[in-house]
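The next block holds one structure in the form of structure tokens; read it before the comments.
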Amino acid sequence: PPEKWRESGEWFYEHRVASGPFRIESWKPQAEIVLARNPKYFDPELPRLDRAVLRIVPDQTAQLAQLLNGELLFITNLKPEDAARIQADPKLELIAIDFRNSVSIAWNNQNELFQDPETRRALPLAIDRARMVQAIWGPYARIASSPILSFVWAHDKTLKPWPFDPAAAKEILAKRGFRDTNGDGVLEKDGKKFEFELLVNSGNQQRADAAVMIQSQLASVGVTATPRTIEATSFNTQIDQGNYAAAILGFGMDTSLDFTSFLSSKVIGKENNFARYSNPEVDRLLAEGAAQKDLNSTVPSLRAIEKILHQEQPYTYLWESQRLSARNRSLRWDWIDRAGQPRASKPTMTFTFFGLRDWWLEPKPAN
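So this is what it looks like as structure tokens:
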């Protein structure tokens, strides 16, 4: 009964009620989900597949091996260093799609080292993000400059990432009172060294590699950043509690373009304002944008917020990467619609398995 639904969450979790093109035939937690064709789906021609098996293979190396030997026909979240192997195999196709995610360094704005916006602004000048992106991602990422991704219509195209300029970084830090008074290569202010831990969650090699590069580059301007990789649950707990100095985070852009939960001072310690950033003008602009009746009307507020964030650097944006997937070419998603027009239900930015109902398999060749 509908009135019992809210009391029956576990039942829905266990039974996985579905009314789309597929039904759930079986489900083994942390192992696989088997989808079977739903004979009651409104379009009798769909789905084209009788069954689809989605396997959970946590190890990316094992995923790739299973794709190469034909055990898997499609994988997602491919490592950038494996892209060349996919492209070299004529049976496979690499799919690179712009993704609604960016990676940044969150500077804890309540930490005494990072309370000053000018000090924070010096730090991206000391980080060679172009070299970092090229080394880690090759052609599959670009430098980020804002929480609004560069390919999104609302992004301010005039906003350019801060350049790599260690001399300018040193000059700003000197003006803010940081000096190497004892000649050990580390800046100090009020008797305290400019040194901190840079947290990274385990299981993400790209961020771990970035942390090592950041450590080396900041050291050249007298700042000691020590990477520390910790298990994901502990990482999230420390970020939520503000028990950290700096951390490398991924941020998924909400297509509503409402950044209140991410930037408002009113949600510090409650929602996603992980940097614990507080700026009354940003709060005002967030409220102004949220009050608009359509997205186009929010652009002036969004542009103003982008400019403030660019100057104050509560987050230093590192990259926007593409999501890399790969398929065996026997798995097809091209089709002809009822009007006779060619279509393709490829993975999209918002959904890797977009159009699964249209996917189909070529018949195996006769021996």
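Heads up: the sequence shown begins at 358 in our numbering, then just goes up one per residue. All residues carry an ideal CB built from backbone N, CA and C; glycine is no exception.
Leaving aside the five residues that flank Arg536 on each side, the residues in its chain whose CB is nearer than 7 Å to its CB run, in chain order, Leu544, Glu545.
Annotation: the segment 461 to 494 contains the following complete segments of the alpha helix (DSSP H) (minimum length 4 residues), in chain order: 474 to 482, 486 to 494. In this structure, the CA atom of Ser365 is about 39 Å from the CA atom of Tyr634.
Out of Phe431, Leu421, Glu360, the CA that lies nearest to the CA of Ser687 is found in Phe431. If you draw a 10 Å sphere on the C-beta of Thr617, you find 16 or more other C-beta atoms in it, and that means buried.
Taking 8 Å as the upper bound for CB-CB distance, Ser621 and Leu643 are in contact here, some 6 Å apart. For Asn685, the uninterrupted beta strand (DSSP E) segment begins and ends at 672 to 685. Beta bridge pairing from DSSP links Phe431 with Arg684.
Cβ neighbours of Val414 within its own chain (closer than 6 Å, five residues either side excluded): Gln420.
Secondary structure at Phe619: helix, using DSSP grouped into helix, strand and coil. Here Lys527 is buried. Its C-beta has 16 or more other C-beta atoms within 10 Å. In terms of Cα proximity to Glu469, the closest of Arg700, Asn600, Ala647, Leu666 is Asn600.
No Cβ-Cβ contact shorter than 8 Å links Ala603 with Trp716. For Asn561, the closest alpha carbon among the candidates Gln574, Lys532, Val578, Gly607 is that of Gly607. Cβ contact annotation for Phe521 (same chain, cutoff 6 Å, sequence separation greater than five): Asp485, in chain order.
Residue Leu614 holds the alpha-carbon nearest to the alpha-carbon of Glu645 among Gly626, Leu614, Tyr674.
Between Ser459 and Trp676, the C-beta spacing is below 8 Å. According to the DSSP assignment, Val656 belongs to the alpha helix (DSSP H) that extends over 656 to 669. Within the model, the alpha-carbon separation for His512 versus Ile505 is close to 6 Å. Counting of Cβ neighbours within 10 angstroms places Ala441 among the exposed residues, the total staying below 16. With contacts defined as CB atoms closer than 8 Å, Glu450 and Arg684 qualify as a contacting pair. DSSP places Asp691 within a strand segment (E or B) once states are collapsed to three. Arg394 is positioned such that its CB atom lies closer than 8 Å to that of Leu406. By the Cβ criterion, the segment 650 to 664 is not in contact with the segment 384 to 403, since fewer than three pairs of Cβ atoms, one from each stretch, lie closer than 8 Å. Taking Tyr672 as the centre and dropping the five residues before and after it, the same chain places the C-beta of Ser461, Ala463, Ala632 closer than 6 Å to its C-beta, in chain order.
CA-CA distance, Leu392 to Ile381, rounds to 5 Å. Residue range 379 to 385 is occupied by the beta strand (DSSP E) that includes Ser383. Under the DSSP assignment, Leu530 falls outside any beta strand (DSSP E), being part of the alpha helix (DSSP H) whose first and last residues are 523 to 532. The alpha-carbon separation between Lys549 and Gln563 amounts to approximately 31 Å.
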